[in-house]
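The structure appears right after this line, and notes come after that.
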Ligand SMILES: CC(C)(COP(=O)(O)OP(=O)(O)OC[C@H]1O[C@@H](n2cnc3c(N)ncnc32)[C@H](O)[C@@H]1OP(=O)(O)O)[C@@H](O)C(=O)NCCC(=O)NCCS
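In the numbering used here, the protein residues as written are 10 to 178.
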């Protein structure tokens, strides 16, 4: 895999990034775009686990992670998107590494992946391999019908990755 260009920097998001996250979500199909309000709220309330990737100051990717108060050691990756122009450079992996390594109390990572999202599946399986840890997959976690989709391929599987090993500081 090619290395990401060195001028791509990752940083934590603030609520002011909400409209930017909303724009990126719209440019990263098959992500479902939510309201601007949702991105502002999530970037504000989950600032510790939400990151933006910038290429020369231009936002080109993001990771929106949340933690449940009842399971604070589990980082749930709700949305992760990289603009098509910047895919295949390892940025998805870098965003995952950043979210884990900058939250030292995170022990495992969860996400849901649609059956037909090969790129997302490869990204999360690859991250588990890199961290030399397990990747358990629960099929049928969120049925397509529950999500308002007709196609069975839109059923979301639950991926549970962990226990996590830390990357280099
Ligand atoms: C999923 C996504 C974030 C990956 O970002 P990326 O920066 O291209 O990912 P990386 O370059 O870090 O690649 C990670 C791995 O996935 C693999 N991969 C990337 N695109 C792939 C594809 N279309 N099909 C199969 N594998 C793919 C890479 O080869 C790499 O594997 P490796 O580590 O074994 O070499 C990006 O494709 C995307 O934004 N997709 C649309 C939004 C989405 O589906 N998000 C995920 C659900 S929240």
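Just so you know, even glycine gets a beta-carbon here, dropped at the ideal spot from N, CA and C. Treat the numbers as computed from the prediction; the structure is a model and nothing was measured.
Closer than 7 Å: residue i CB and nearest ligand 1 heavy atom
| i | result |
| --- | --- |
| residue 127 | yes |
| residue 61 | no |
| residue 115 | no |
| residue 173 | no |
| residue 96 | yes |
| residue 37 | yes |
| residue 146 | no |
For residue i, the three-state DSSP class (helix, strand or coil)
| i | result |
| --- | --- |
| residue 54 | helix |
| residue 119 | strand |
| residue 24 | helix |
| residue 40 | coil |
| residue 169 | strand |
| residue 80 | strand |
| residue 103 | helix |
| residue 95 | helix |
| residue 114 | coil |
| residue 160 | coil |
Endpoints, the beta strand (DSSP E) within which residue i is located
| i | result |
| --- | --- |
| residue 134 | Run containing residue 134: none in the beta strand (DSSP E); it sits in the alpha helix (DSSP H), 127-139. |
| residue 28 | Taken as a continuous stretch (DSSP letters only), residue 28 belongs to no beta strand (DSSP E), being part of the alpha helix (DSSP H) at 27-35. |
| residue 59 | 59-64 |
| residue 154 | Per DSSP, residue 154 belongs to no beta strand (DSSP E) and is neither H nor E. |
Residue j beta carbon less than 8 Å from that of residue i
| i | j | result |
| --- | --- | --- |
| residue 82 | residue 114 | yes |
| residue 1 | residue 117 | A question about residue 1 goes unanswered here, because the residues of the chain that appear run from 10 up to 178. |
| residue 63 | residue 17 | yes |
| residue 61 | residue 96 | no |
| residue 103 | residue 141 | no |
| residue 42 | residue 34 | yes |
| residue 112 | residue 79 | no |
If contact is defined by three or more beta carbon pairs under 8 Å, each pair taking one atom from either stretch, is the stretch 159-174 in contact with the stretch 117-128? Between the stretch 117-128 and the stretch 159-174, the count of Cβ pairs shorter than 8 Å is three or higher; the stretches touch.
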